[in-house]
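With this note's numbering as the guide, the letters of the sequence shown map in order to residues 705 to 1054.
Before any comments, here is the structure.
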Amino acid sequence: MSSTIRVLIADDSPTMLKMYAALLSSAADIQVVGTAKDGAEALELARTLQPDVITLDVRMPRMDGIEASSRIMTEAPSRILVISGAVDAEMSFKALQAGALEVMPKPRPNLEGLANFGVKLIHIIRTMAELPVSQRQVALAPAQAPSPVAPAPQGGRVTGFGLVASTGGPPALCHLLSLLPPQLPYPIFIAQHVSVGFTAGLCQWLGAASSLQLEVAQTGVRPQPGYVYLPPDGHQFEVTLAGDLQVEPIPVGKASLGDTLLSSLALAYGDRAAGAVLTGMGSDGAAGLLAIRKAGGRTFAQSPESCVVPGMPEAALRSGATDQMLSLEALAAAMRSFTGAAPVTPAVRN
705 MSSTIRVLIA DDSPTMLKMY AALLSSAADI QVVGTAKDGA EALELARTLQ
755 PDVITLDVRM PRMDGIEASS RIMTEAPSRI LVISGAVDAE MSFKALQAGA
805 LEVMPKPRPN LEGLANFGVK LIHIIRTMAE LPVSQRQVAL APAQAPSPVA
855 PAPQGGRVTG FGLVASTGGP PALCHLLSLL PPQLPYPIFI AQHVSVGFTA
905 GLCQWLGAAS SLQLEVAQTG VRPQPGYVYL PPDGHQFEVT LAGDLQVEPI
955 PVGKASLGDT LLSSLALAYG DRAAGAVLTG MGSDGAAGLL AIRKAGGRTF
1005 AQSPESCVVP GMPEAALRSG ATDQMLSLEA LAAAMRSFTG AAPVTPAVRN
């Protein structure tokens, strides 16, 4: 790829097309090479222009963003960014499952919101442009039966299991949760990096694909077996030493919600804690997973070859947090092998 990032924009609103083009043109290293008013035109231009990054709305005539993502990744692979309103959150996650890399909300209708959106849009496009592109056909429905491709570890007793993910995480979580039984004997906690406004949609979308109970976490709630908990928009959460959930706003400039969650499981559950770091950029989750391993708990990471972006699992491996690199199918098999365990009051740590 050249030093100039070539971007194709697709949206059925002429106003949004002009606004996105103006924002991106303010960056010297980004060139808008084309605009499309629907998914079908985006697919045609993707074939001819071969852009480095494509932005897609999800609700467009002729061909929506879900079908466009799937067709583009099959016929003219590129890096796809979904820009959508929070009301379209479920459709946005389906587009991710179809092959898009990231999702971000449309800008708020004021000058400050527009300025912040522009900064974030340029940052995301620059980051995405560094990622490899691979042709892939992603199933639009989760698998109905597990098919482990690596040996699953032996069972053990688990009080709670934490999952951390970023880029590529929603489809990975959807597939993983679809392979777990409704009577899972322990709760699951998810720290998924997602834009504000999309958590409720993510929870509903994952819940529709899983037989487990999905809930947005609330402070004071005691985690229950067979339930999956996610933090509210703009918040992180942890399990306290008393065994209850505690929710708090993500500190400004801090993006380590995975480390916060997993470290709390290590303290609250000790050797009955378990966790896994899934696909994503950066290193969030590595320190928390290492804390679980030092406490004697079970630790895993998604195998790099099965990740959209392997940065986070590879960081966990480098840190010594785990030596179990598994496919999602094998991770699900390991999770099914564990039996539940009541919380044990941990020893006081200095």
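Glycine included, each C-beta is placed from N, C-alpha and C at the ideal position.
Burial state of residue i (16 or more Cβ within 10 Å)
i, result
"P809", "buried"
"R812", "exposed"
"V943", "buried"
"Q848", "In this predicted model, Q848 has a pLDDT of only 40, less than 50, meaning its place in the structure is not dependable enough to derive any value."
"A1019", "buried"
"E806", "buried"
"R1022", "exposed"
"E834", "exposed"
"D1027", "exposed"
"V757", "buried"
"A908", "It is Gln, not Ala, that sits at residue 908 in the sequence shown. Exposed, because fewer than 16 other Cβ atoms sit within 10 Å of the Cβ of Q908."
"Q801", "buried"
Three-way DSSP call (helix, strand, coil) for residue i in this model
i, result
"G1044", "strand"
"L785", "strand"
"Y724", "helix"
"L760", "strand"
"F902", "coil"
"Q861", "The question names Gln, but residue 861 is Arg in the sequence shown. The answer is strand: DSSP assigns R861 an E or B state."
"L883", "coil"
"Q908", "helix"
"G924", "coil"
"V956", "coil"
"A772", "helix"
"E834", "coil"
"D792", "helix"
Cross-strand partners of residue i (DSSP beta bridge)
i, result
"V711", "V736, V757"
"H682", "This structure does not reach residue 682, given that the chain is present from 705 up to 1054, and the question cannot be answered."
"E942", "Q950"
"E806", "L785"
"E919", "Y933"
"G866", "F893, G979"
CB contact check: residue i to chain B, cutoff 8 Å
i, result
"G789", "The chain inventory of the structure shown lacks chain B, comprising one protein chain alone."
Residue i versus the options, residue with shortest Cα-Cα distance
i, options, result
"F1042", "S782, V862, G817", "V862"
"T739", "A732, A750, S730, D733", "A750"
"G1024", "R997, V920, V786, V1013", "R997"
"R710", "M832, D716, G822", "M832"
"I787", "R775, S717, A995", "S717"
"G1044", "Q928, L994, G1000", "Q928"
"A959", "L883, V736, M767, H897", "H897"
"V1013", "L880, A980, P836", "P836"
"L884", "S987, S915, A714, K798", "S915"
"D715", "S707, P765, A732, I734", "P765"
"R1002", "C1011, G979, M1016", "G979"
Residue i CB to nearest heavy atom of the ligand SAH below 7 Å
i, result
"A946", "The model depicted lacks the ligand SAH and carries no ligand whatsoever."
So within the stretch 969-1053, which uninterrupted beta strand (DSSP E) runs reach at least 3 residues, ignoring any that extend past its ends?
977-981, 1002-1006
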